[in-house]
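Asks: Structure incoming, see below.
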Amino acid sequence: MNEIILCSGYVPPEYVRNGVYSIKSDVYSFGIVLLHIISGKKNGSLYGSDGTLSLLEYVSFLITQLTIF
């Protein structure tokens, strides 16, 4: 069986763009699952003040807004 089954919210960008699937794709998907569990937010929903960010984009935005001091 050489079939790849993917859920839309967990598909890595390089697979969507080029159809390339590798071990890195599993790591990406696992990271999305961890974000989902830790944040308690759904992956298929939109976030941010204007409601246009995916979960990954929203977390990236929050990280850029962090200040240590």
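Position one of the sequence shown corresponds to residue 1383 (this note's numbering), numbered consecutively onward. Built from N, CA and C at the ideal position, the CB exists for glycine as well. None of the values given here were measured: they were computed from a predicted structure.
#1: Measure the beta-carbon distance from L1438 to H1418 and round it to whole angstroms, keeping in mind my assumption that it falls under 8 Å.
#2: Which residues in the same chain as F1451 place their Cβ atom closer than 6 Å to its Cβ, once the five residues preceding and following it in sequence are excluded?
#3: Measure the alpha-carbon distance for N1400 versus I1414 and round it to whole angstroms.
#4: Grab me the residues of Y1392's own chain with a C-beta within less than 6 Å of its C-beta, minus the 5 sequence neighbours each way, in chain order.
#5: Helix, strand or coil for Y1429, going by three-state DSSP, please let me know.
#6: Helix, strand or coil for L1435, going by three-state DSSP, please let me know.
Replies: In terms of the structure at hand:
#1: Rounded, the Cβ-Cβ distance is 10 Å, inconsistent with contact.
#2: Note that F1451 scores 49 on pLDDT, short of 50, meaning its location in the model is unreliable and no value can be drawn from it.
#3: 20 Å
#4: S1411 and I1414
#5: strand
#6: strand
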